[in-house]
Each structure stands twice: as C-alpha cells, then as structure tokens.
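In my numbering, the protein residues as written are 120 to 452.
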C-alpha cells in the first residue's frame, strides 16, 4: 500500500511545485492539501493536477485545528509549507506572521502528536540565522533573526524541536535558501522585477544593491525535501543551499539583460531596517544523504525569467496587489 501525505500551503510557490513532483512518485497513493488561498496562494498554481483522483484539496487555515484534523489522520507524511513569508509585510504588520507561522505550527504539532505520522517535515528558512558577514552557517549556528518574519520562523523551529523532545513528534526541519522558479508571487524580487521591467518601469533596489543571497532552484529544493522524507533523521535540522551567491544588483541586471531592457531602469531606493546583508548556509549535512543541486544557475534563471515573460497574464493579475502594497505601505515606486 502506498503512502498518504498531508501538505499545508500546497497552493503556494514551493508547495505547488512539490505537489507536482510528489505526483510522479510511484508509492504515493493520496495527497491531501490544505491551503488558505491568501493573496499568495492560488489554485491556478495547481492547474491541470487539481482534478487528479489522488489529490484532495481543502481551503482552510492551519490555525484552525478543525480544518486539519481529519486530513492529518492516517497519513504517513506531514509537510508544512503554510506560512506568511514576505519580510516587508512582516515589518508593516507582524500579527499575521505570528499567528500563522507560530500558532499555526503549534496547532499542527498538537494534531501530529495525536495522529502520529511517520514524519512531520517543517519548512523553515535560512533567514533564521540572520546576516552572515563571512563564511557560512551550519545547523548548529545560533539563530539571530532580524525581521518579524524570520523571528516567527525561528520560533516555529524551536516549537518543533520542543514537540520532538517532549512529545516524540517525528519532526525534521528544513532550512532552505532563497528559491527561484515558476509560480512565485510577484511581491518577491525576481517575478516582481520581471513584471516591472516588462512595462519599462523602474526596478526599486534597496540600498546599494549588494545584499547577497544564495539562489536555489525550486525543483532542486523539492528534491531535497523529498529526500529528507525518505532518508532524513527525525529530530534533525538540514540546511538546503546551492552555493549560488549573487548580489541583488546582479540579479536585477541579469533580468534586464534577458528581457532586453536597459540598466537605467534600476532605481536605488532607501534601504529598509533589518535588511540582512548576506546569507550563506553550509549544506554538507544533506549532501551526505546524497543530494546535490542539479540546476545550472544561468540556464534555469533564464528559463525562469522567460517563464514569467511568456505568462504575462498570470503575473499581471497578481502584480496589481503586490505593487499596491509597495506604493501604499512602503512608499516604493
């Protein structure tokens, strides 16, 4: 008999890509998805697979135990992608981040204590480590979150560890670096800049544009997560990175070059408080399980930009809300 899987946040960026990968696994019988369908989640991300007989979808909130209880019952794996994830929004209003990312995780862990899945995989972020001026952070590095978002994720990690230690909930924590790929909501840097550049609008770049991120292709991340479900050790934390360290200015320039747009569209704007300078994780631990990123960065980055360019209606329908947020709340153009 195949496995039954419960996925929260399965209509979001990484979650929807993971669902598509999971459908190709021969030993998966049933995928149960819970998603609140906030501004960043959409059934369009699951287009062409939502009617698959192996998928059961429910709109709901992880904070409400009644939305998840029956979906978690009897499953082998629980994967929690559900989260508020935009740093700028967390600075404007931290409340929904604490509610979903902290209280929501506690609710899921309580349910898992009763339903007893084989694995509870919690999706975290490298941002919990804070800015890394040099070298890299491993799984034992101290947590120094700089934003309400990263603080909420660090708190969730600690709660996961507590439920493993106190209640034997079989938690594995994955801390992934910045993902790129299709279906990302255009409040995030890459799809946002593609959308703006397509309309010959300015690309607002914080500070001097030299903040560095480690860019991980979403399919590589999903492969890593699947490997953790199969070979990871409960109670452990695993960093997932690609060692593709690129400053934001370079990302912006690459987007403009691929789209054939001039560099003078880049507009340097006032930096925000708490903007981490550099992220870099050591991912030797998951490498020892046999995982390596397969994507060629330049190739998959270009493919990602062209994916958004060729689906201009998809991105434009979502850009309006994102840009309204930046204009009205942050004052960015």
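For glycine and all other residues, C-beta sits at the position ideal for the given N, C-alpha and C. Note that the structure is a prediction, hence the values are computed from the model and not measured.
Among the residues of its own chain, which have a CB less than 8 Å from the CB of residue i, if the five just before and after it don't count?
i, result
"residue 453", "Nothing in the structure corresponds to residue 453, since the chain is present only between 120 and 452."
"residue 182", "218, 219, 222, 223 and 226"
"residue 342", "140, 410 and 413"
"residue 457", "Given that the chain is displayed from residue 120 to residue 452, the structure contains no residue 457 and the question cannot be resolved."
Give the range of the beta strand (DSSP E) segment to which residue i is assigned.
i, result
"residue 293", "290 to 295"
"residue 133", "That residue, residue 133, is in no beta strand (DSSP E); its alpha helix (DSSP H) goes 132 to 141."
"residue 310", "First-last for residue 310: 308 to 317, but that is the alpha helix (DSSP H), not the beta strand (DSSP E)."
"residue 239", "238 to 244"
"residue 125", "122 to 127"
"residue 366", "364 to 366"
"residue 331", "331 to 336"
"residue 174", "174 to 178"
For the alpha helix (DSSP H) containing residue i, list its first residue and its last residue.
i, result
"residue 186", "184 to 191"
"residue 323", "It is not in any alpha helix (DSSP H) - residue 323 instead sits in the beta strand (DSSP E) that spans 322 to 325."
"residue 215", "214 to 217"
Apart from the five residues just before and just after residue i, which ones in its own chain have a Cβ nearer than 6 Å to its Cβ?
i, result
"residue 275", "220, 221 and 224"
"residue 414", "336 and 339"
"residue 332", "297 and 398"
"residue 237", "195"
"residue 302", "132, 135 and 164"
Are there any heavy atoms of the ligand GDP lying less than 6 Å away from the beta-carbon of residue i, as far as the coordinates show?
i, result
"residue 207", "Of ligands this structure carries none, so the ligand GDP is not represented either."
Using the Cα positions of residue i and residue j, report the straight-line distance between them to the nearest angstrom.
i, j, result
"residue 268", "residue 205", "7 Å"
"residue 202", "residue 120", "31 Å"
"residue 257", "residue 188", "34 Å"
"residue 247", "residue 281", "17 Å"
"residue 186", "residue 179", "6 Å"
"residue 244", "residue 380", "32 Å"
"residue 304", "residue 171", "24 Å"
"residue 176", "residue 430", "25 Å"
"residue 372", "residue 209", "27 Å"
"residue 279", "residue 312", "35 Å"
"residue 294", "residue 161", "24 Å"
"residue 152", "residue 128", "7 Å"
"residue 263", "residue 138", "31 Å"
"residue 125", "residue 230", "12 Å"
"residue 327", "residue 395", "13 Å"
"residue 357", "residue 199", "15 Å"
"residue 289", "residue 404", "19 Å"
Under three-state DSSP, which class holds residue i?
i, result
"residue 267", "helix"
"residue 435", "helix"
"residue 75", "Past the edges of the chain, shown from 120 to 452, lies residue 75, and the structure says nothing about it."
"residue 157", "coil"
"residue 205", "coil"
"residue 226", "helix"
"residue 305", "coil"
"residue 342", "helix"
"residue 359", "strand"
"residue 166", "coil"
"residue 272", "helix"
"residue 451", "In this prediction, residue 451 scores a pLDDT of 45, lower than 50, which makes its location untrustworthy; the coordinate-derived value is nonetheless stated afterwards. Here residue 451 sits in coil by DSSP."
"residue 197", "strand"
"residue 443", "helix"
"residue 233", "helix"
Who are the near neighbours of residue i in its chain, counting only those whose CB is closer than 7 Å to its CB and skipping five residues on each side?
i, result
"residue 355", "291"
"residue 437", "304 and 305"
"residue 382", "372 and 375"
If we require 4 or more residues per run, which alpha helix (DSSP H) segments fall completely within the segment 370 to 423? 403 to 406
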